[in-house]
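Numbering-wise (my numbering), the sequence shown opens with residue 88 and increments by one. Backbone N, C-alpha and C define an ideal beta-carbon position, used for all residues, glycine too.
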Amino acid sequence: MARVDLNADLGEGMPFDAALLAVVTSANVACGGHAGDAATMHETLRVAKQRHVVVGAHPGWPDRQHFGRRRIAMPLADLRAELQSQVAALTAIAHLLEWPVRYVKLHGALANQVAENADMARTVGEATRAAGLGWLVMAQTAMHAAAEAMAIPHRTEAFADRSYGEDGLLTPRDKPGAVLHDPEHVADRALEMLQRQALPLARGGWLPTRIDSLCVHGDTPEALALATRLRTRLEGAGWQVRAPDW
88 MARVDLNADL
98 GEGMPFDAAL
108 LAVVTSANVA
118 CGGHAGDAAT
128 MHETLRVAKQ
138 RHVVVGAHPG
148 WPDRQHFGRR
158 RIAMPLADLR
168 AELQSQVAAL
178 TAIAHLLEWP
188 VRYVKLHGAL
198 ANQVAENADM
208 ARTVGEATRA
218 AGLGWLVMAQ
228 TAMHAAAEAM
238 AIPHRTEAFA
248 DRSYGEDGLL
258 TPRDKPGAVL
268 HDPEHVADRA
278 LEMLQRQALP
288 LARGGWLPTR
298 IDSLCVHGDT
308 PEALALATRL
318 RTRLEGAGWQ
328 VRAPDW
């Protein structure tokens, strides 16, 4: 049976995290940069453990005012230190709850910049490897290339609720159609991505890639409806929805 992970970005202060943890198989937990604090990390991990949901660290730019979605220039050494600090904060709480952090998935503008910049991608790879974690990467980007070149355990991700440009990168959020809201459309599109093992590009092209995980953003108002419908459709089409083996 074909297998795919369903992940969501959680611990960001949204009201439906607990409900999403009953649907998804992996949770990317905000760890104090763009969102989250000790209390939200603890609660998200507690419920994830209860639901047997695999947990990853979800670091972003330390810019709560813009929810980590504003691009920032930061020296590579400072970026490495920032990542290490955020991941360590989540890992410490995970240790107390005996529910380990398995991987890193970047958030927002940081993820988009690392997807484009090989030097940043290598820096993130170094921090991820030092933490002994896997890396959930945006498929066919600089971070994907860095993970392969550095032999870091990694899985490739496609976004169920975001559109792609011609370059295989995400459409900027300020552009029309960047965020998808209709559950049936999202499910139809995700199933086609999985069938083709490719990303749908603007104007109708496809970028071939292995797809290990599908993401639904936890801060989208329709997140719970999107994730619920997507999981139902995936299982109905014969997909086993299960977290990767890290």
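Going by DSSP, what residue range makes up the alpha helix (DSSP H) through T258? Segment: none, T258 is in no alpha helix (DSSP H) and carries neither H nor E.
What number of angstroms, rounded off, separates the C-alpha of V110 from the C-alpha of L93? 8 Å
Exposed unless 16 or more other CB atoms sit within 10 angstroms - verdict on D275: exposed
Please report the residue range of the alpha helix (DSSP H) in which E203 lies. 195 to 203
Are the segment 221 to 237 and the segment 284 to 296 touching, with three or more C-beta to C-beta distances below 8 Å? yes
8 Å contact criterion, which A208 and A233 should meet: CB distance rounded: 4 Å
Could you check if A285 is buried or exposed, using at least 16 other CB atoms within 10 Å of its CB as the buried criterion? buried
Would you be able to state if there are at least three C-beta pairs under 8 Å between the segment 190 to 201 and the segment 146 to 158? yes
Residues sharing a beta bridge with D96, DSSP: N115
As an exercise, report each continuous alpha helix (DSSP H) stretch of at least 4 residues that is fully enclosed by the segment 233 to 289, in chain order. 270 to 283
If you draw a straight line from the C-alpha of M88 to the C-alpha of R151, how long is it? 41 Å
Could you tell me which of A238, K136, H231 sits nearest to L184, measuring between CA atoms? K136
Could you please give me the residues that DSSP links to P295 through a beta bridge? A285
Would S300 pass as a contact of V91 if the rule is Cβ separation under 8 Å? yes
Looking at the unbroken beta strand (DSSP E) that takes in A144, where does it start and where does it end? 141 to 145
For A236 and L220, I'd like the C-alpha separation in whole angstroms. 16 Å
Go through its chain and collect everything with a Cβ distance to A202's Cβ below 7 Å, but skip five positions before and after it. M225, T228, A229, M230, L256
Can you give the beta carbon distance from L313 to V273, rounded, assuming they're within the 8 Å contact cut? 5 Å
Evaluate Q282 with the Cβ neighbour count: other Cβ atoms within 10 Å of its Cβ, from every protein chain shown; 16 or more gives buried, anything less gives exposed. exposed
Measure the C-alpha to C-alpha separation of L321 and E99 and round it to an integer number of angstroms. 26 Å
Could you tell me the distance, in whole angstroms, from the CA atom of V328 to the CA atom of V142? 15 Å
Name the residue from F103, A179, L132, E213 whose alpha carbon lies nearest to the alpha carbon of A168. E213
Taking the C-alpha atoms as reference points, what is the distance between L317 and L267? 13 Å
Give the DSSP bridge partners of R90, in chain order. Q327
State the CB to CB distance for the pair H182 and D248, rounded to an integer number of angstroms; the pair is presumed to be in contact (CB under 8 Å). H182 to D248, Cβ: 32 Å. No contact.
So the alpha helix (DSSP H) V134 belongs to, where does it begin and stop? 125 to 138
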